Structure formats: C-alpha cells, structure tokens
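Written below as structure tokens is the structure these notes are about.
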Amino acid sequence: MTLGGDVALVTGASRGIGAAIARGLAAAGARVVVGYRTQREGAERVVADIVAGGGAAEAVALDVANAAEVDAVVRDVVARLGKVDVLVNNAGVSADALIVRITDEQWQRVLDVNLKGVFNCTKAVARPMMRARRGRIVNLSSVVGVTGNTGQAAYAAAKAGIIGFTKSTARELASRNVTANVVAPGFIETDMTRTLDADARAMYQTMVPLGRLGRAEDVAAAVTFLAGPGASYITGQVLHINGGMYV
Ligand code: NAP
63 MTLGGDVALV
73 TGASRGIGAA
83 IARGLAAAGA
93 RVVVGYRTQR
103 EGAERVVADI
113 VAGGGAAEAV
123 ALDVANAAEV
133 DAVVRDVVAR
143 LGKVDVLVNN
153 AGVSADALIV
163 RITDEQWQRV
173 LDVNLKGVFN
183 CTKAVARPMM
193 RARRGRIVNL
203 SSVVGVTGNT
213 GQAAYAAAKA
223 GIIGFTKSTA
233 RELASRNVTA
243 NVVAPGFIET
253 DMTRTLDADA
263 RAMYQTMVPL
273 GRLGRAEDVA
283 AAVTFLAGPG
293 ASYITGQVLH
303 INGGMYV
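Quick note: the sequence shown uses the numbering used here, first residue 63, plus one each step.
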C-alpha cells in the first residue's frame, strides 16, 4: 500500500485510462476522487468497484475546461479530506481533422480541455500542495505530442504543450517537494481509439515491436509508480508507454 493515506484526484476517470488509473491508485491505498464530465454512472461504477475491493473513493462532477468548477471542487476536496497529494490530469478529447478542414471551434475545444484543463487543475492544487510541502502531479500526454500525426494537429499541439507545461511545473514546484511528470501513451484500447476501423488498428499494431496494442492498465501501472514513494526523485520527465512504437 505505497499510497496509504494519500488523497488522489483523477480527472476523466469515468472510463478508459482514467478509470484504470483510479483503480490502480486505490489498489495502492489512495483515497480516490473520481472525476467525470458526462458519464456519472461510469464514475459511480468505478467507485463501487473500489469500495467493494476495500478501498475508498467518491465520484465528483468536474469539467476541467471550467476553471471556476475546478477551483470549487479542489477547495471542497481540501476542506473535506484535508489535502490533495496526487493529481492525475487524464481528461482528454480528440477531434481529428486535417488542418485545412478543422474548424476554429474544434481547435479551441481540444485546446480548452486537453491543455487549459491541465493548467486549470494544476493551478488549483498548486497552493495546497506547496503548503503541504508534498505533492505528485502526473499529466497524460501522447506519443502524438512528440511525433505529430496527420489529422491530429490540434490534439498533437495540446499534447506537446502539456510536456512544456509539465517541465515548467516541475521547475516551479520542486523546492516545495512537489513533482510533475508526464506519461505519454501510444495506442491504448479505449473508447477514444475504438472508432478506428480494423485496417487502421492492424496498421498501428504492426508499428508496435511488442506486438500488441496497449491496455489502460499498462498506463495505470506507470502512473501509480510516478505517484508513489519510488518516484520521489523523478520530476520533469516524460515516460513513454507504447510497446516500443516510439523509441
Ligand atoms: P476516453 O476513453 O475517450 O475517456 C475520456 C475521459 O475524459 C472520460 O472519462 C471523459 O469523461 C473525460 N473528459 C472528456 N472531456 C472532459 C472534460 N471537459 N472535463 C473532464 N473530463 C472530461 O479517453 P482515453 O483513451 O481513456 O484517454 C485518456 C487520456 O489519455 C486522454 O488525455 C487521452 O488524450 C490520453 N491518451 C489516450 C490514448 C489512447 O490511445 N487511448 C493515447 C495517448 C493518450 P465523461 O466520460 O464523463 O464524459
């Protein structure tokens, strides 16, 4: 129970990678606040699973693009649970379109959720973590944020921005014993990638030396490590989780 007694807030944890991260942190002993935007039932299922396994969790409505809502939720968590030890900025959306076709609205939405959302949540937890002289922030980028991808300019821009933002966070908060790191998944089987047709999936699989697509649990294991005591001297780093797709 490496995270025993810790309070962890995971955004976008109603399904997919976020749900696996919430389960992983809870299995390591953290009390987990399971954020959701639209899928309340999904978040409540994650909470029920954690509680059934002897852990502690609660579901909280949290739109990361809404700074006022983020502030209110973090203030409420600190007031009720006393602290936030771990923040996992997982919430994300994609809106795939070529640069010549993407609309201003699509561009703005992807940047608002994927990049401004990370800023909103980090800003909200920064003071409580600095006051506590302890904190772990783990941000979800993507292999695409490093390599770029046709049809994903907005998504890649946001995910690349997360890397620069995290390195700045690491430098600003290090003196208060707060670490900030990135995990950059490759192709992980979730709702986000389920829309791809069989040919596209097979094509991606051929690009993975380990020979399989990733699972949400592969990402959750890395996040749990970065949130735990074994990672106390690691900050400002990007951990790639992609089966060797990008080396
Ligand atoms: P997913 O299955 O589509 O789930 C997205 C999650 O984000 C849901 O829980 C959703 O909440 C939440 N969300 C969306 N907009 C939100 C908002 N404005 N505020 C708060 N929550 C919001 O995605 P995933 O595949 O698990 O991806 C999780 C993260 O990993 C994302 O940041 C994604 O970019 C990144 N990633 C994924 C892959 C991959 O291959 N899947 C690869 C690299 C990086 P509701 O369900 O409640 O609406």
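Glycine included, every Cβ here is placed at the ideal spot set by N, Cα and C.
None of the values given here were measured: they were computed from a predicted structure.
Start-to-end residues for the beta strand (DSSP E) that takes in residue i
i, result
"residue 247", "240-247"
For residue i, the first and last residue of its enclosing alpha helix (DSSP H)
i, result
"residue 303", "Counting along the chain, residue 303 falls outside any alpha helix (DSSP H), though it belongs to the beta strand (DSSP E) covering 300-303."
"residue 226", "215-235"
"residue 182", "179-194"
"residue 295", "Residue 295 -> no alpha helix (DSSP H), and no H or E assigned at all."
"residue 79", "78-89"
"residue 110", "102-114"
"residue 258", "Taken as a continuous stretch (DSSP letters only), residue 258 belongs to no alpha helix (DSSP H), as it is neither H nor E."
"residue 165", "Looking at the DSSP string, residue 165 is not in any alpha helix (DSSP H), and its letter there is neither H nor E."
For residue i, the nearest candidate out of the options (CA to CA)
i, options, result
"residue 278", "247, 266, 307", "247"
"residue 136", "191, 157, 153", "191"
"residue 158", "152, 210, 224", "210"
"residue 227", "254, 160, 199", "199"
"residue 172", "156, 239, 301, 124", "156"
"residue 240", "101, 253, 123, 297", "297"
"residue 160", "84, 154, 168", "168"
"residue 67", "236, 119, 261", "119"
"residue 265", "238, 254, 249", "249"
"residue 79", "212, 252, 69, 144", "252"
"residue 143", "93, 101, 195", "93"
"residue 148", "299, 287, 100", "287"
"residue 82", "195, 281, 154", "281"
"residue 153", "193, 231, 234, 71", "71"
Whole-angstrom distance between residue j and residue i, CA atom to CA atom
i, j, result
"residue 187", "residue 291", "19 Å"
"residue 126", "residue 150", "12 Å"
"residue 267", "residue 181", "33 Å"
"residue 302", "residue 134", "32 Å"
"residue 109", "residue 185", "26 Å"
"residue 96", "residue 254", "19 Å"
"residue 294", "residue 162", "44 Å"
"residue 129", "residue 164", "25 Å"
"residue 166", "residue 174", "12 Å"
"residue 69", "residue 140", "9 Å"
"residue 178", "residue 63", "33 Å"
Which residues DSSP lists as bridging residue i, in chain order
i, result
"residue 151", "201"
"residue 71", "95, 149"
"residue 120", "95"
"residue 276", "250"
"residue 159", "214"
Problem set entry | Meets three-Cβ-pair contact criterion under 8 Å: the stretch 74-93 and the stretch 102-111 | yes
For this session: Could you tell me whether the stretch 211-230 touches the stretch 268-275, where touching means 3 or more Cβ pairs closer than 8 Å?
Result: no
Exercise. Is the stretch 188-207 in contact with the stretch 293-307, if contact means three or more CB pairs nearer than 8 Å?
Worked result: yes
Exercise. So does the stretch 111-120 actually touch the stretch 86-95, counting three or more Cβ pairs closer than 8 Å?
Worked result: yes
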